[in-house]
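Note sheet for the following structure.
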Amino acid sequence: NYSPFNNLGVPPLHNAFGDWSESRFRQFLRQRLSAAELRELRIDDPARCDIRSLLKQQAAGFSANDTSDIHDPAWRDPSWLDVPIWNLYKVFKQQVGQEALRSFYRAVKEEAALAGRPDFLVAGNDLPIFGLGWAHDEWLDMVSTEFSPAWGLTTGSRGIMLPPRGKFAVVCRAALAHQKGPFATMWYYLRAPYDKFAAKPELAKVLAAEAFANGVFLKYGDVPDYPGMPESVAWWNGFVTRAEPRFASRIPAGETGVVYSPDNQLFWVVPGSHALDHNRQPHSFEHWGIATLLVDRHIPYRVIPDWKLTPAGLAGFKTICLPNVECLDNAAAQALLAWVREGGNLVMTGATAMRQGTAGWFRKRNTSALASLARADMSADGTKAAKSGIAALELAGNDPTKVAVTQPGTNAAVPTAQSAVSLPSVLQTTNFGLGRAVWSPRNVGLDYYLADDRAQFSDQLATNGIAAAIFDPASDRSALDARDLPASVGIFCHCSPDRHVLFADLVNYQLDPVHDALTPQTRLRFRLHLPAGITAATPETITPDATAPAALNIEAGWAKVELPELLHFASIKITCRK
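Sequential numbering from 3 applies to the sequence shown in the numbering used here.
Set out below in structure tokens:
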């Protein structure tokens with residue numbers, strides 16, 4: 003397990019303490035905290051600090067019946083989120099966990115090199131569903147994990163679900179952000195209530211195709227838990243083996259980045275639970291929902307973890323989405339401000355940056371660290387007010403003194419020197435330097451994740467302008483234009499390292515899981531933007547199915563692709579020439 007499962011378990015109190023942890027925490031207090039910070043925590047002598055006693059005293063203050071009972075409801079009290087000593091202990095556990103994994107990785111690599119095996123693989127379980135910031139791609143070669151479309155610690159009882167409603171792609175993409183290598187592997191468990199879908203070959207083929215299109219191989223064992231049959235698994239693996247030279251080396255493409263923040267997941271951990279409500283998790287559901295919405299709207303994206311919110315990590319993205327990232331370190335905020343000022347497009351939802359990150363123990367801020375990009379109250383109270391229509395601001399240009407105020411129940415706005423941006427009242431748009439920021443107090447992704455009818459919800463978003471205001475201008479359709487593709491087709495983009503070979507992997511989601519019936523899709527059209535200076539390109543269709551190849555025409559720098567038929571999977575490979 004490359005996660006905190008064995009030292010911040012289920013529930014967290016179950017194995018969060020021990021002589022070594024408590025001794026290290028006292029060292030942490032002495033070495034990291036100032037005298038003023040110790041006074042804030044009411045710790046007179048760090049050498050005598052008893053973390054368990056301090057937490058028990060706090061639980062007693064939350065009316066615990068028995069502070070020695072880790073299942074007492076007081077340990078799940080929401081007020082723990084604002085208890086400094088608990089937040090500090092969580093940060094300490096994360097940092098020593100990182101140190102341990104980093105040291106383990108280094109030791110394994112050094113010994114393997116001495117033994118003549120410099121390519122020795124270190125793979126880790128539990129990611130990305132349960133990581134909480136313990137694992138970084140600096141000390142992990144490959145995610146090799148377990149996954150179920152049903153209940154999960156950060157997916158709730160709704161779970162990711164099966165296609166066509168659920169998109170496993172979003173988990174695959176988050177996994178790749180935790181590792182060095184290009185591919186991850188997963189055990190995919192079909193357990194209750196999905197056990198009735200086991201041994202269905204068409205479902206297995208769709209899942210394998212979707213996983214591969216997003217850098218993941220599904221592992222298989224001859225037991226009822228796994229999708230498909232030996233024949234369907236051999237069918238897919240045989241195809242990939244034969245086609246491997248044609249795929250060669252490729253990397254995920256996409257200029258939109260969606261932040262996945264294990265630090266924010268850690269913030270929501272209270273002593274008795276990893277979430278206040280496992281079925282409504284502010285950051286996790288917002289991430290899964292926005293990522294799924296992007297897949298459904300055919301906008302290529304890559305996952306950026308919070309530890310890469312640096313100038314170097316932001317390079318190469320045109321758009322960054324912060325899905326209810328309430329906790330954000332000052333350094334990350336400064337990097338984002340500079341990135342927007344230089345031309346980036348930032349999308350923010352929820353109470354963005356209203357708390358410090360791990361460096362500041364999740365302490366509340368009076369105003370958001372990114373307030374200059376929204377010029378509105380981004381706190382929980384402010385988002386509640388904006389969502390209810392009590393006060394909605396529409397910014398005009400760069401000048402915070404020139405705003406149009408829309409009052410509840412009216413369409414009248416105070417005249418301004420500049421025309422205000424016309425957006426729904428729950429949106430805030432700001433031009434900042436050469437860039438642009440959009441803030442929505444509404445957790446669009448969480449709502450999308452929980453929607454019973456995601457297609458209808460997507461239509462509602464389009465009708466009121468939220469989706470268009472946030473995502474379509476954000477993507478700018480500058481690399482892929484797949485608006486003509488139905489939502490029942492997934493399209494995932496890759497390119498060669500020199501970007502002169504483009505790949506568009508198409509997955510058919512038109513599946514009836516109950517009857518294990520897959521409906522072919524026909525006459526699929528999309529456009530890929532070609533690199534500058536390219537005047538010719540050769541298409542190649544890589545597919546396990548006996549279907550007709552794609553046709554390609556070049557027009558004004560775009561490769562216009564038409565695929566006559568899609569059954570399970572087809573990768574359209576475009577080799578560019580000058």
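Beta carbons: idealized from backbone N, C-alpha and C, even for Gly. Predicted model only: the values in this text are computed from it and were never measured.
Residue i in three-state terms, based on DSSP
i	result
E328	coil
D197	helix
G447	helix
S381	coil
G362	helix
P307	strand
K636	Any answer about residue 636 is impossible in this case: the structure gives the chain only from 3 up to 580.
I131	coil
E344	coil
R456	helix
N3	coil
I87	helix
R357	strand
P566	strand
T369	coil
I301	coil
F434	strand
T549	coil
P120	coil
A314	helix
F214	helix
G607	In the structure as shown, the chain starts at 3 and stops at 580, and residue 607 therefore has no counterpart that could be examined.
V440	strand
Residue i Cβ short of 7 Å to the ligand GTP heavy atom set
i	result
V173	As presented, the structure is devoid of all ligands, the ligand GTP included, so that no description of it is given.
For residue j and residue i, believed in contact at Cβ under 8 Å, the rounded distance
i	j	result
A137	Y303	A137 to Y303, Cβ: 21 Å. No contact.
D547	H570	6 Å
G352	N326	3 Å
H531	G559	6 Å
S381	M356	5 Å
V503	T577	5 Å
E564	A553	5 Å
N347	K320	6 Å
A481	E257	6 Å
F122	K111	7 Å
W290	V172	6 Å
Distance, residue j Cα to residue i Cα
i	j	result
S442	A293	16 Å
E140	A314	15 Å
S159	A49	43 Å
T369	A38	23 Å
L278	H180	25 Å
L15	I72	6 Å
V261	D47	39 Å
I574	A506	5 Å
D500	V208	30 Å
E148	E557	44 Å
G447	G259	15 Å
V235	A117	35 Å
P417	W153	Because the pLDDT at P417 is just 28, under 50, the model does not fix this residue reliably, and the value given afterwards should be weighed accordingly. P417 and W153: Cα-Cα distance of roughly 51 Å.
L10	A76	18 Å
E542	G161	36 Å
P120	G183	15 Å
P522	R252	27 Å
A581	S490	Nothing can be reported for residue 581: it is not among the residues displayed for the chain, which extend from 3 to 580.
Q458	R485	17 Å
P247	A255	20 Å
T157	R28	34 Å
K562	R299	18 Å
S390	Q512	Here S390 scores only 48 on pLDDT, less than 50, and its place in the model should not be relied on; the value that follows carries that caveat. So the two alpha carbons sit approximately 38 Å from each other.
D21	A102	16 Å
S460	F106	45 Å
K404	A376	Confidence in K404 is poor, its pLDDT being 29 and thus under 50, which makes the residue's placement unreliable; the coordinate value appears in the next sentence. Cα to Cα, the separation comes out at about 13 Å.
Cβ of residue i within 8 Å of any chain C Cβ
i	result
Y4	Note that chain C does not occur in the displayed structure, where there is just one protein chain.
Open item on the list: In chain order, what are the residue ranges of uninterrupted beta strand (DSSP E) at least 3 long that sit wholly in the stretch 233-273?
Closed with: Counting only runs of 3 or more residues that sit fully inside the stretch 233-273, the beta strand (DSSP E) segments are 258-262, in chain order.
Open item on the list: Below 8 Å, how does it come out for the stretch 197-216 and the stretch 517-534: are there three or more Cβ pairs, yes or no?
Closed with: Taking a cut-off of 8 Å for Cβ pairs, the stretch 197-216 and the stretch 517-534 touch, as three or more such pairs fall below it.
Open item on the list: Suppose only complete runs of 4+ residues qualify. What are the alpha helix (DSSP H) ranges in the stretch 139-209, listed by chain order?
Closed with: The stretch 139-209 contains, as complete alpha helix (DSSP H) runs of 4+ residues, the segments 171-178 (chain order).
TODO: Evaluate the contact criterion for the stretch 228-242 versus the stretch 27-43: three or more CB pairs, one atom per stretch, below 8 Å.
DONE: Not touching, per the Cβ criterion.
- [ ] Inspect the CB distances between the stretch 208-228 and the stretch 179-189 and report whether three or more fall short of 8 Å.
- [x] Yes, since at least three Cβ pairs between the stretch 208-228 and the stretch 179-189 fall closer than 8 Å, the two stretches touch.
- [ ] Check whether the stretch 265-273 touches the stretch 434-452, taking contact to mean three or more Cβ pairs, one atom from each stretch, closer than 8 Å.
- [x] Segments in contact, no.
TODO: Check whether the stretch 164-173 touches the stretch 335-349, taking contact to mean three or more Cβ pairs, one atom from each stretch, closer than 8 Å.
DONE: At 8 Å Cβ cutoff, the stretches do not touch.
Open item on the list: Does the stretch 79-91 come into contact with the stretch 356-369, if we say contact requires no fewer than three beta-carbon pairs (one atom in each stretch) closer than 8 Å?
Closed with: A contact exists between the stretch 79-91 and the stretch 356-369.
Open item on the list: As an exercise, report each continuous alpha helix (DSSP H) stretch of at least 4 residues that is fully enclosed by the stretch 20-46, in chain order.
Closed with: Fully enclosed alpha helix (DSSP H) runs of 4 or longer: 21-34, 37-42.
Task: Those runs of the beta strand (DSSP E) which lie wholly inside the stretch 487-535 and span at least 3 residues - done: For the stretch 487-535, whole beta strand (DSSP E) runs of length 3 or above, ordered along the chain, are 491-497, 503-510, 523-531.
Task: Whole beta strand (DSSP E) elements within the stretch 48-75, 3-residue minimum - done: You should have found no qualifying run.
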